[in-house]
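Mapping to UniProt numbering: the first sequence position 706 is 706, numbers consecutive. Just so it is clear, CB atoms sit at the ideal spot from N, CA and C, and this is done for glycine as well. Inspection log for the structure reproduced underneath, given as structure tokens.
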Amino acid sequence: MQPNPDLVRAIANRYAANLRLCLPLRRTSLQLARAVHGNIITFGFQPHAHILNRLIDVYCKSSELDYARQLFDEISEPDKIARTTMVSGYCASGDIALARSVFEETPVSMRDTVMYNAMITGFSHNNDGYSAINLFCKMKHEGFKPDNFTYASVLAGLALVVDDEKQCVQFHAAALKSGAGYITSVSNALVSVYSRCASSPSLLHSARKVFDEIPEKDERSWTTMMTGYVKNGCFDLGKELLEGMDENMKLVAYNAMISGYVNCGLYQEALEMVRRMVSSGIELDEFTYPSVIRACATAGLLQLGKQVHAYVLRREDFSFHFDNSLVSLYYKCGKFDEARAIFEKMPAKDLVSWNALLSGYVSSGHIGEAKLIFKEMKEKNILSLMIMISGLAENGFGEEGLKLFSCMKREGFEPCDYAFSGAIKSCAVLGAYCNGQQFHAQLVKIGFDSSLSAGNALITMYAKCGVVEEARQVFRTMPCLDSVSWNALIAALGQHGHGVEAVDVYEEMLKKGIRPDRITLLTVLTACSHAGLVDQGRKYFDSMETVYCIPPGADHYARLIDLLCRSGKFTDAESVIESLPFKPTAEIWEALLSGCRVHGNMDLGIIAADKLFGLIPEHDGTYMLLSNMYAATGQWEEVARVRKLMRDRGVKKEVACSWIEMETQVHTFLVDDTSHPEADAVYKYLQDLGKEMRRLGYVPDTSFVLHDVESDGHKEDMLTTHSEKIAVAFGLMKLPPGTTIRIFKNLRTCGDCHNFFRFLSRVVQRDIILRDRKRFHHFRNGECSCGNFW
DNA sequence: CTAGGGTTAG
1 MQPNPDLVRA
11 IANRYAANLR
21 LCLPLRRTSL
31 QLARAVHGNI
41 ITFGFQPHAH
51 ILNRLIDVYC
61 KSSELDYARQ
71 LFDEISEPDK
81 IARTTMVSGY
91 CASGDIALAR
101 SVFEETPVSM
111 RDTVMYNAMI
121 TGFSHNNDGY
131 SAINLFCKMK
141 HEGFKPDNFT
151 YASVLAGLAL
161 VVDDEKQCVQ
171 FHAAALKSGA
181 GYITSVSNAL
191 VSVYSRCASS
201 PSLLHSARKV
211 FDEIPEKDER
221 SWTTMMTGYV
231 KNGCFDLGKE
241 LLEGMDENMK
251 LVAYNAMISG
261 YVNCGLYQEA
271 LEMVRRMVSS
281 GIELDEFTYP
291 SVIRACATAG
301 LLQLGKQVHA
311 YVLRREDFSF
321 HFDNSLVSLY
331 YKCGKFDEAR
341 AIFEKMPAKD
351 LVSWNALLSG
361 YVSSGHIGEA
371 KLIFKEMKEK
381 NILSLMIMIS
391 GLAENGFGEE
401 GLKLFSCMKR
411 EGFEPCDYAF
421 SGAIKSCAVL
431 GAYCNGQQFH
441 AQLVKIGFDS
451 SLSAGNALIT
461 MYAKCGVVEE
471 ARQVFRTMPC
481 LDSVSWNALI
491 AALGQHGHGV
501 EAVDVYEEML
511 KKGIRPDRIT
521 LLTVLTACSH
531 AGLVDQGRKY
541 FDSMETVYCI
551 PPGADHYARL
561 IDLLCRSGKF
571 TDAESVIESL
581 PFKPTAEIWE
591 ALLSGCRVHG
601 NMDLGIIAAD
611 KLFGLIPEHD
621 GTYMLLSNMY
631 AATGQWEEVA
641 RVRKLMRDRG
651 VKKEVACSWI
661 EMETQVHTFL
671 VDDTSHPEAD
681 AVYKYLQDLG
691 KEMRRLGYVP
701 DTSFVLHDVE
711 SDGHKEDMLT
721 THSEKIAVAF
731 GLMKLPPGTT
741 IRIFKNLRTC
751 GDCHNFFRFL
761 SRVVQRDIIL
771 RDRKRFHHFR
781 NGECSCGNFW
């Protein structure tokens with residue numbers, strides 16, 4: 001039977017009308033759209049443009065962009081409504097590139113204000129404020145008149161990037177002039193612009209003035225003003241505003257307050273807000289729960305978090321944001337299995353879920369698992385990359401970190417300050433000074449040099465590259481500082497033998513009223529230890545519990561023991577170990593053992609080594625320290641015994657290697673390394689240097705040779721081939737006169753090399769910085785910053 | 001066909 005085209009058209013038109021009515025009920029409208037679409041295909045008639053447009057809209061709003069596009073492409077000459085629909089569909093799905101292409105394929109003569117509005121909104125929603133503003137300017141230039149929608153949209157974009165009061169005033173004036181100034185939606189957006197102006201939060205007054213002058217405030221007016229206060233940390237003003245609000249509007253305001261408190265780390269206050277909500281009879285909603293979970297996660301309140309978890313599960317009104325926050329709650333509280341289980345069970349995993357899992361593995365040091373997850377992720381965003389870059393750097397994978405950073409740029413991600421800080425941390429790991437400097441220059445150029453995370457990374461990078469002055473310089477020019485910045489500077493000074501200054505900076509920090517955290521104390525203790533400030537260090541250690549309520553951890557005790565041993569106070573060190581509030585850890589014994597090594601305290605050293613053999617028999621460092629101690633006193637049978645023990649237990653000594661950076665290229669050398677193309681010249685040069693140094697009194701110290709080799713001459717040969725010596729000779733040959741030589745070594749340097757470097761710095765009149773596994777050595781004119789023991 | 005606020009991952 002032949003269908004009656006008129007009848008079919010009539011039915012389709014009816015569907016189209018229904019579609020409009022049913023739009024909010026997504027499922028229903030999508031079903032209707034499919035039916036209409038099916039009829040069109042089955043009966044092959046040409047529907048009216050407005051039916052097709054409506055179909056496209058429904059498909060877009062049901063996230064069926066491919067169907068929408070298919071229909072759109074079938075239209076021979078899509079009208080401006082079809083195009084606008086397609087543009088806003090793509091915008092809403094986040095595909096700004098496709099939206100843009102449809103928009104730009106439309107001739108200007110065919111565009112109208114609505115289409116511009118859709119595109120501007122798209123930019124704003126995709127966090128691209130600049131493009132929103134540019135398009136706004138362009139449309140005016142092309143003669144289109146902005147309307148209320150335009151202003152609301154472009155102001156939303158402006159709010160993302162505004163950093164200067166002039167911009168706020170300019171746009172405000174333009175809106176007023178066009179008559180949109182007192183439209184509620186436009187005013188709401190203006191409130192948001194004023195309160196998000198980066199350079200002056202004082203504009204909150206202007207925001208408040210706009211707010212006060214809104215003739216008909218709606219719920220959004222109140223909550224936007226509230227957000228303005230909260231995002232600027234003005235919680236008291238926020239509370240005051242809350243008082244004046246209608247009861248039925250308070251939910252969103254409470255949610256804003258709670259998330260604001262959590263963002264500032266004020267979780268107690270956040271939870272207090274939740275209590276107030278509950279007591280005034282306002283029901284928490286799906287927006288509240290994730291913030292509450294985050295509060296628990298940052299505060300480490302696992303029990304409370306679990307209770308909220310159970311409570312929300314019973315209520316069944318949660319969104320997937322909730323699951324994502326749970327993943328982070330559990331891993332932050334150290335419950336990796338639970339976190340993983342929640343992730344696996346999630347019905348809908350999105351990018352945030354993957355990033356939560358990734359960051360869980362990264363921040364808990366499970367870098368291997370993190371790498372697997374990262375590989376498995378199909379979709380990644382800038383945050384995924386940032387998490388991974390920082391994670392790699394923080395776990396010592398500097399090269400991989402840098403590789404990922406350049407990969408990120410290749411794939412078109414514009415690195416933000418946090419990504420830069422990951423790259424800079426990678427440079428810190430590698431000691432890649434030139435590379436790090438280049439990043440610093442780029443930061444300045446882009447204007448990220450005021451960033452806290454980048455600044456903190458720079459301090460550490462310069463310190464780890466041995467350039468304390470620059471670390472100090474970065475710190476002193478940073479516009480704002482946090483405890484990480486202070487810790488980084490104190491560490492930088494301490495590492496390089498400026499113990500007294502490190503302590504001064506710590507005192508300065510205290511005077512400024514900044515509370516030290518456990519890392520600060522750890523850093524200060526290290527500085528005291530390196531500078532031999534025993535009494536001071538002791539005083540700081542005691543202040544931890546009594547003044548700052550920070551119970552000292554094993555790491556703090558280890559520093560204390562190190563401090564005592566280095567000044568030869570072994571009895572004190574022993575009594576500290578005896579009175580520990582926990583069972584001594586490997587860290588503690590290691591501190592004792594290396595302290596004993598410095599002073600040749602054999603009896604105590606053997607005890608410490610025995611404990612370490614029991615706790616971490618696979619750790620090569622213990623064997624090396626002990627056999628070095630025996631070698632120093634010529635007890636070669638004992639040396640052999642330790643070496644045999646090591647062999648029997650299958651413990652492999654990590655291969656020593658040193659490296660030097662030259663114009664971003666890194667040259668690496670192993671012990672006895674002859675693989676470098678210029679090895680012959682380097683060895684020759686090394687021999688010449690040796691001769692000259694001996695004339696000045698350098699005597700090779702053969703006690704550092706591990707084997708009991710028969711002839712002393714042979715032993716000296718072995719000493720001269722330690723990797724740091726090869727690296728420094730290479731550096732002296734290649735680097736321009738007068739430049740500081742920076743050498744890096746993966747293990748600790750030996751006493752002979754230390755001595756060698758001292759003499760060398762005098763012979764060649766160059767500053768040499770040697771960074772080994774534990775510490776830095778600055779050699780200048782025969783002296784070393786860390787004194788003449790190593 | 002187009003607008004303005006509150007939720008998760010560093």
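- Contact check for L510 against A502 fails: the beta carbons are separated by 8 Å or more.
- Note on geometry: alpha-carbon atoms of M277 and L284 lie some 8 Å from one another.
- Within its own chain, the residues whose Cβ lies closer than 7 Å to the Cβ of Y418, once the five positions on either side in sequence are excluded, are M386 and S453, listed in chain order.
- Sorting Q46, L30, R100 and Y623 by C-alpha distance to the C-alpha of Y67 places L30 at the top.
- Taking C-beta atoms as the reference points, A174 and V186 fail to come closer than 8 Å.
- With contact defined as three or more Cβ pairs closer than 8 Å, the region 606 to 617 and the region 725 to 742 are not in contact.
- Inclusion of L357 and F374 in the CB contact set at 8 Å is not warranted, their separation being larger than that value.
- With a 10 Å radius around the Cβ and a threshold of 16 neighbouring Cβ atoms, E724 comes out buried.
- When rounded, the separation of the alpha-carbon atoms in V108 and N355 is 41 Å.
- Taking T674 as the centre and dropping the five residues before and after it, the same chain places no C-beta closer than 6 Å to its C-beta.
- Fully contained in the region 382 to 440 are the following alpha helix (DSSP H) runs of length 4 or more, in chain order: 382 to 394, 398 to 410 and 417 to 430.
- The closest CA to that of I389, considering only V362, R410 and T106, is found on V362.
- The Cβ atoms of L242 and C296 lie no closer than 8 Å to each other.
- When secondary structure is reduced to three states using DSSP, F779 falls in the strand class.
- Taking a contact to require three or more Cβ pairs closer than 8 Å, the region 626 to 633 and the region 585 to 602 qualify as touching.
- Distance check between F757 and each of K774, T223 and A729 places A729 closest, using alpha-carbon atoms only.
- Shown here, M478 sits in coil according to DSSP, grouped into three states, outside any helix or strand.
- Nearest C-alpha to S594 among D562, F320, A463 and Q765: D562.
- Residue range R518 to A531 is occupied by the alpha helix (DSSP H) that includes I519.
- Taking 4 residues as the shortest admissible run, the region 540 to 606 contains the following complete alpha helix (DSSP H) segments, listed from N- to C-terminal end: 554 to 566, 570 to 578 and 586 to 599.
- If you draw a straight line from the Cα of H498 to the Cα of Q473, it comes to about 15 Å.
- Here Y557 is near L580, since their CB atoms are less than 8 Å apart.
- Counting only the Cα atoms, C168 lies some 42 Å from L71.
- Taking a cut-off of 8 Å for Cβ pairs, the region 459 to 467 and the region 427 to 435 touch, as three or more such pairs fall below it.
- Between F420 and F397, the gap from beta carbon to beta carbon reaches 8 Å or more.
- Boundaries of the beta strand (DSSP E) harbouring L670: Q665 to L670, taken from the DSSP string.
- C91: member of the alpha helix (DSSP H) spanning K80 to A92, first to last residue.
- G782 has its alpha-carbon roughly 23 Å from the corresponding atom of A527.
- CA-to-CA, the gap between I367 and F582 works out to about 29 Å.
- In the same chain as V699, and ignoring 5 residues on each side of it, no C-beta atom comes closer than 6 Å to its own.
- With contact defined as three or more Cβ pairs closer than 8 Å, the region 686 to 693 and the region 738 to 753 are not in contact.
- Looking at the DSSP output, I743 bridges to L770.
- Distance between E216 and K250, taken at the CA atoms: about 17 Å.
- Setting aside the 5 residues that flank it on each side, V262 is surrounded in the same chain by A270, S291, R294, A295 and T298, each with a C-beta closer than 8 Å to its C-beta; the list follows chain order.
- Counting every other CB atom within 10 Å of its CB across the protein chains shown gives E678 a total below 16, marking it as exposed.
- Here I514 is not near L489, since their CB atoms are 8 Å or more apart.
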